[in-house]
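Enquirer: Chains as they are written, first to last, in the working numbering: chain A, 1 to 245; chain B, 246 to 394.
Here a beta-carbon is modelled for each residue, glycine too, at the ideal position from N, C-alpha and C.
Keep in mind the model is a prediction, meaning the values are calculated, not measured.
Below you will find the structure I want to go over with you.
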Amino acid sequence: MHMSVSDTMNINLLAVNDQQARHNRSHFDAWGLFCINVMSSPGAGKTILLEHTLRALHGAHAMAVLEGDMTTQLDAQRLAGLGVPVVPITTGRACHLDAAMVSTGLQLLRQQCDPASLDLLWVENVGNLVCPAEFAVGEHCKLALLSVTEGDDKPLKYPVMFREADCVLITKVDLLPHVPADLGRIGRHVRQINPHCGVFPVSALTGAGLGDWLAWLAQRLRANGRQRHPPRRASGLKPPSPTAT
Amino acid sequence: MHEVDMTRCLLQALEDWRDQHSIQPCVEQVHLLVGEFTCVEPSQLRLSFAAAVQDTWLAGARLSIVSVPLVGECLACGNSYRPDPACGYASPCCGHPLETILSGRELKIQRIDYSRSRICGPPAPANPCGPPTPSSPAPSPCICPSATP
Ligand SMILES: Nc1nc2c(ncn2[C@@H]2O[C@H](COP(=O)(O)OP(=O)(O)O)[C@@H](O)[C@H]2O)c(=O)[nH]1
Ligand SMILES: [Mg+2]
Ligand SMILES: [Zn+2]
Chain A
1 MHMSVSDTMN
11 INLLAVNDQQ
21 ARHNRSHFDA
31 WGLFCINVMS
41 SPGAGKTILL
51 EHTLRALHGA
61 HAMAVLEGDM
71 TTQLDAQRLA
81 GLGVPVVPIT
91 TGRACHLDAA
101 MVSTGLQLLR
111 QQCDPASLDL
121 LWVENVGNLV
131 CPAEFAVGEH
141 CKLALLSVTE
151 GDDKPLKYPV
161 MFREADCVLI
171 TKVDLLPHVP
181 ADLGRIGRHV
191 RQINPHCGVF
201 PVSALTGAGL
211 GDWLAWLAQR
221 LRANGRQRHP
231 PRRASGLKPP
241 SPTAT
Chain B
246 MHEVDMTRCL
256 LQALEDWRDQ
266 HSIQPCVEQV
276 HLLVGEFTCV
286 EPSQLRLSFA
296 AAVQDTWLAG
306 ARLSIVSVPL
316 VGECLACGNS
326 YRPDPACGYA
336 SPCCGHPLET
346 ILSGRELKIQ
356 RIDYSRSRIC
366 GPPAPANPCG
376 PPTPSSPAPS
386 PCICPSATP
């Protein structure tokens, strides 16, 4: 005969990850580093958005990128040209970044620069609309991208991602004339799930909407008191001039 | 298959719990609460748990998953409602967006049933299904000890 006993736990299933995420976060805060977790399905335009954003914020912020979606050398080259440290994170076959992977990436970043000299850290997550939403990495802000080619119903199909996002960018709006997408519907679907997040239609090709996104970001950074590196250029947060691609 | 990673987190939490006991507890059942408004598929989680505990100190442990429905509160009229994803997430009464979630976001280890007097399997390596890591259950090495506030 044996006796069964019960221990009440009431802890999060992902407590182990959450704990590591809090640990990462405490480092970010000690370094004065604002961390943004960029998420979307594969190909929605995360890397291109980073290229434009890094270019636009050049001089105004000291930045680095943790790249969790490095599918090809091409991605590395695209970002390397922007003059910021880019640390590839090896994810193996994982379908998302977890806090421990980001911690490993931070150790690699420290070999390239002093994180305390930075104020903005971009984390490009693995292309996936499902689980990156559940795995915190210590970020201060979650950015979700949805391209107009993915279908108007995607916010309803992957609601957790769009609920968790602080800002949603509807990307590739230059393609609207060519795809059966309704910007209004996509926006309404996002708003049903997350009434208070920023929602901005953007195009990396034409530069449309990027100014709105950058203004939102600037506002968000101000709210968090991250303006340790005052803009050195008069128009530090101006939308990028539409660059040739 | 993120349920595999979730299982890894679950096993790590169970090991941390085990290490608080002087005698290795024999786990009979682990009770989880899993909200509908999460990215967890309970059947997938059950499968990956069953696969992961084989031949470990948790061999024979069962996973009980109670699914928690998504319930929102309509901020216009105070009604609570269960969104039908097919019709969207706004409240059916007033069309108010899903603002307050009363339940459905749970991902919780609620309870562990175990016995102290039965002999169980041998202790497993610290991380039975994870990538090779140092045997210590501590989180990955600190990024910068001196920078911790
Ligand atoms: N037409 C158009 N194509 C875009 C836009 N943004 C990205 N793309 C294309 O979409 C593909 C994937 O972009 P990428 O930034 O690599 O997406 P990621 O996988 O999310 O990092 C590339 O071929 C881009 O050229 C856009 O605004 N308009
Ligand atoms: Mg990319
Ligand atoms: Zn109502």
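(1) Could you name the residues of the stretch 191 to 204 of chain A whose beta carbon sits closer than 9 Å to any beta carbon of chain B, in the order they occur along the chain?
(2) Name the residue from A:S203, A:H189, A:M63, A:T104 whose alpha carbon lies nearest to the alpha carbon of D174 (chain A).
(3) In the DSSP assignment, the alpha helix (DSSP H) including A15 (chain A) goes from what residue to what residue?
(4) Buried or exposed for H61 (chain A), please, with buried defined as at least 16 other CB atoms from any protein chain shown within 10 angstroms of its CB.
(5) Ligand 3 heavy atoms versus the CB of A321 (chain B): any closer than 7 Å?
(6) Under 5 Å, CB to any heavy atom of ligand 2. Which residues pass, going along the chain?
(7) Which residue's Cα is closest to the Cα of V86 (chain A): A:R93, A:A100, A:Q77?
(8) Once the 5 residues before and after V249 (chain B) are set aside, which same chain residues still bring their CB inside 7 Å of it?
(9) Considering only C-alpha positions, which residue in the set B:G317, B:L347, B:R356 is nearest to C339 (chain B)?
(10) For chain A, find out if any of its Cβ atoms is closer than 8 Å to the Cβ of G333 (chain B); answer yes or no.
(11) Please determine if the stretch 87 to 94 of chain A and the stretch 25 to 37 of chain A are in contact, where contact requires at least 3 C-beta pairs separated by less than 8 Å.
(12) Roughly how many angstroms separate the alpha carbons of A80 (chain A) and E124 (chain A), rounded to a whole number?
(13) With 16 other CB atoms within 10 Å as the buried threshold, where does I268 (chain B) fall?
(14) Roughly how many angstroms separate the alpha carbons of P373 (chain B) and A296 (chain B), rounded to a whole number?
(15) Kindly say whether M39 (chain A), judged by its beta-carbon, lies nearer than 8 Å to any beta-carbon of chain B.
(16) Report buried or exposed for H266 (chain B), applying the criterion of at least 16 other Cβ atoms within 10 angstroms of its Cβ.
(17) Is DSSP giving P373 (chain B) helix, strand or coil here?
(18) If you run the structure through DSSP and keep just helix, strand and coil, what is P287 (chain B)?
(19) Is DSSP giving F162 (chain A) helix, strand or coil here?
(20) Taking the C-alpha atoms as reference points, what is the distance between I357 (chain B) and V102 (chain A)?
(21) Give a single yes or no on whether R17 (chain A) has its beta carbon closer than 7 Å to a heavy atom of ligand 3.
(22) Would P177 (chain A) be called buried (16 or more neighbouring beta carbons within 10 Å of its own) or exposed?
(23) Would you say the beta carbon of S336 (chain B) comes nearer than 7 Å to a heavy atom of ligand 3?
(24) Cβ of C332 (chain B) within 7 Å of any heavy atom in ligand 3?
(25) With DSSP as the reference, please indicate the residues paired to W122 (chain A) in a beta bridge.
(26) Is there a C-beta anywhere in chain B that falls below 8 Å from the one on V123 (chain A)?
(27) Beta carbons nearer than 7 Å to chain A: which residues of the stretch 268 to 279 of chain B have them?
(28) Please report how far the alpha carbon of M161 (chain A) lies from the alpha carbon of P155 (chain A), in whole angstroms.
(29) At the 8 Å Cβ level, is E281 (chain B) part of the contact set with chain A, yes or no?
(30) With distances taken from CA atoms, which of A:G151, A:K157, A:W122 is nearest I170 (chain A)?
(31) Less than 8 Å between the C-beta atoms of H189 (chain A) and D153 (chain A), yes or no?
(32) DSSP three-state call for L347 (chain B): helix, strand or coil?
(33) Between which two residues does the beta strand (DSSP E) holding I354 (chain B) run?
(34) Give every residue of the same chain whose Cβ lies closer than 7 Å to the Cβ of I48 (chain A), excluding the five residues on either side of it in the sequence, and list them in chain order.
(35) Would you verify that the beta carbon of E344 (chain B) is, or is not, closer than 8 Å to some beta carbon of chain A?
(36) Closer than 7 Å to a non-hydrogen atom of ligand 4 - does that hold for the CB of C339 (chain B)?
Expert: Judging by the given coordinates:
(1) R191, Q192, I193, N194, P195, H196
(2) A:S203
(3) 15 to 31 is the extent of the alpha helix (DSSP H) around A15 (chain A).
(4) buried
(5) yes
(6) A:K46, A:T47, A:D69
(7) A:Q77
(8) S293
(9) Residue B:G317 is the option with its Cα nearest to C339 (chain B).
(10) yes
(11) no
(12) 14 Å
(13) exposed
(14) At P373 (chain B) the pLDDT is 44, less than 50, meaning the model places this residue with poor confidence and gives no usable figure here.
(15) no
(16) exposed
(17) In this prediction, P373 (chain B) has a pLDDT of 44, which is less than 50 and means its spatial position is unreliable; what the coordinates show is noted afterwards. The DSSP-derived three-state label of P373 (chain B) is coil.
(18) helix
(19) Helix, per DSSP.
(20) Annotation: I357 (chain B) to V102 (chain A) spans about 31 Å, alpha carbon to alpha carbon.
(21) Here residue 17 (chain A) is Asn; the residue named in the question, Arg, does not match the sequence. Not under cutoff, so the answer is no.
(22) exposed
(23) yes
(24) C332 (chain B) Cβ: outside cutoff for every heavy atom of ligand 3.
(25) A:I36, A:V65
(26) no
(27) E273, L277
(28) 8 Å
(29) no
(30) A:G151
(31) Yes, Cβ-Cβ distance for H189 (chain A) and D153 (chain A) is below 8 Å.
(32) strand
(33) 352 to 360
(34) Answer for I48 (chain A): A204, listed in chain order.
(35) yes
(36) Annotation note on ligand 4: not contained in the displayed structure, which lists ligand 1, ligand 2 and ligand 3 as its ligands.
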